[in-house]
Amino acid sequence: MEQDDVYQTLILDLQNFSKEQVSALHLAGVKKIYSYLDVGSLETYRSYFARFHKLARAPYENWEEEYWVDVSNISWQDFLVKELAIDLVQKGADGFFLDNTDVYAQEETPQTYEGLVRILEGLGDYHLPVIVNGGDLFVKKLIADHKENLLRAICQESVFSCIKDYKKNQFGRQDKEVRDDYLTYLQACKKANLAVLLIEYTRNSELEKEADSYCKKMGFRLFVSKSLALEE
17 MEQDDVYQTL ILDLQNFSKE QVSALHLAGV KKIYSYLDVG SLETYRSYFA RFHKLARAPY
77 ENWEEEYWVD VSNISWQDFL VKELAIDLVQ KGADGFFLDN TDVYAQEETP QTYEGLVRIL
137 EGLGDYHLPV IVNGGDLFVK KLIADHKENL LRAICQESVF SCIKDYKKNQ FGRQDKEVRD
197 DYLTYLQACK KANLAVLLIE YTRNSELEKE ADSYCKKMGF RLFVSKSLAL EE
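The opening position of the sequence shown corresponds to residue 17 in the working numbering, with each subsequent residue numbered one higher.
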């Protein structure tokens, strides 16, 4: 691998990688590897699905192998923080990329919020940066409660673009009202001193330029993918 071809930062599901593979990426020049960590849903293909299947809630729309999970459950919190996170750190993770804190939008209760906060506080013991993907309702409450220090950054998908058909990988332009709501949210995150990353799904070069121009103006990072699998 040529040095010029090496990404400075990667977000990978390190459950699918060995310690040796992570080490090889670091040796190749990758400076930061954030491990994907699904805190708010339970996927049927995970080795621990049977262990926690009783905590599964409603099916996850558009994702057939996924269910929302009861994050207020202590055993789930302890598993994420004291078992799974330890394994990821031992493999060489430089940080955590948390997904599906949107579970708070599914069950907007004090128990759900407090469960997510406890998970963040537990991960804080590793002294590694945490990025939260999505979960704008949860992050807004964190900021209101002056707990934004639990995060290093936020990632928001589909601010300028939208996904029209998940199975066919068809994309479009985001609704103006939704986009404007996201832009207000992103500005609040910036004001709270959180770094901001946008992920857009589009094959439209004009839309990509629009997102890129906005991100450069605001000092945000942008990743554009032509597929839902984030492979392009």
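Beta carbons: idealized from backbone N, C-alpha and C, even for Gly.
The structure presented is a predicted model; accordingly, all values stated were derived computationally and were not measured.
Asked, Found
"Apart from the five residues just before and just after Tyr230, which ones in its own chain have a Cβ nearer than 6 Å to its Cβ?", "none"
"By the 10 Å Cβ neighbour count, where 16 or more other Cβ atoms means buried, how is Gly131 classified, buried or exposed?", "buried"
"Which ranges would you report for the alpha helix (DSSP H) in the segment 192-226 if only whole runs of at least 4 residues count?", "192-207"
"Would you kindly work out how many angstroms separate the C-alpha atoms of Lys35 and Val105, rounded to a whole number?", "9 Å"
"Could you pull the DSSP bridge partners for Ala160 from this structure?", "BP columns for Ala160 are empty, so no partner."
"Between the segment 62-73 and the segment 39-50, are three or more C-beta pairs nearer than 8 Å?", "no"
"Is the number of C-beta pairs between the segment 138-150 and the segment 84-91 that are closer than 8 Å three or more?", "no"
"Are the segment 154-173 and the segment 111-127 in contact at 8 Å, needing three or more beta carbon pairs?", "yes"
"Does the ligand MG have even one heavy atom less than 7 Å from the beta-carbon of Ser88?", "Judged by which ligands are present, the structure shown has none, so any question about the ligand MG falls away."
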